[in-house]
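A short worksheet on the structure shown next.
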Amino acid sequence: MDNLGQSYSDLGRHSEALDLKEQVVKLRMQISGPEHPETFSSMLSLAQTYSDLGRHFEALDLKEQVVKLRKRILGPGHPGTLASMHDLAMTYYDLDRHSKALGLEEQVVKLRKQVLGPEHPHTLTSMHNLAVTYSYLGRSSEALDLMQQVLELKKRVLGLEHPDTLVSQSWVNDFQRPSADEPAPKRQRRN
Numbered sequence: 001m002d003n004l005g006q007s008y009s010d011l012g013r014h015s016e017a018l019d020l021k022e023q024v025v026k027l028r029m030q031i032s033g034p035e036h037p038e039t040f041s042s043m044l045s046l047a048q049t050y051s052d053l054g055r056h057f058e059a060l061d062l063k064e065q066v067v068k069l070r071k072r073i074l075g076p077g078h079p080g081t082l083a084s085m086h087d088l089a090m091t092y093y094d095l096d097r098h099s100k101a102l103g104l105e106e107q108v109v110k111l112r113k114q115v116l117g118p119e120h121p122h123t124l125t126s127m128h129n130l131a132v133t134y135s136y137l138g139r140s141s142e143a144l145d146l147m148q149q150v151l152e153l154k155k156r157v158l159g160l161e162h163p164d165t166l167v168s169q170s171w172v173n174d175f176q177r178p179s180a181d182e183p184a185p186k187r188q189r190r191n
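Heads up: the sequence shown begins at 1 in the numbering used here, then just goes up one per residue.
Here you go:
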């Protein structure tokens, strides 16, 4: 059922996916319990479907639950916990809760550097998103400094033509030539 629900999502058939994914979460809760890793994954998949259907606050609620559970069960430095925290921070950003996004993004960057290393692609993605949030909050100097650091690391680690490198390069280029009537560049989402 979980795979079929995901297939519906992949095809843009979100209403059909929703029914299946809600059933999967209910069954996983009954069979595996609310603290099982597969239950977390199903909850996050359901949260994504809520977002796809414009039900952002229901998605936010599920993501907050998963972060809380993963921190308690797996620990704050577990890669799964960090991925959930990263996703939650992006949801806060998308819902214009930039201060909450900032605090969580700073935690994720710090922990990912410690756990995964400063050059891991997930760490670089989190650093990219933190730079965008700095920019949005008017911390332009910090934003540009961090994004230039990210760009240099991505060039070295991922290569000059990697899509993630090009996203950061585009952001730096846009940031360095702002127009008076255009805001600083918004986040280009990375999954």
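Ideal Cβ positions, reconstructed from N, Cα and C, are used throughout, including at glycine.
| Just curious, the alpha helix (DSSP H) that MET1 is in, first and last residue? | Per DSSP, MET1 belongs to no alpha helix (DSSP H) and is neither H nor E.
| query | In three-state terms, what does DSSP make of HIS86? | reply | Correct three-state label for HIS86: helix.
| Around the Cβ of SER7, are there at least 16 other Cβ atoms within 10 angstroms (buried) or fewer (exposed)? | exposed
| request: For the alpha helix (DSSP H) holding GLU35, just list the boundary residues, first then last. | output: Run containing GLU35: none; DSSP gives neither H nor E here.
| field | Where the alpha helix (DSSP H) containing GLU64 begins and where it ends | value | 56-73
| Is DSSP giving GLY159 helix, strand or coil here? | coil
| With DSSP run on the structure shown, which of helix, strand or coil describes GLY80? | Here GLY80 sits in helix by DSSP.
| query | Which class does GLY12 belong to by DSSP, given the choice of helix, strand or coil? | reply | coil
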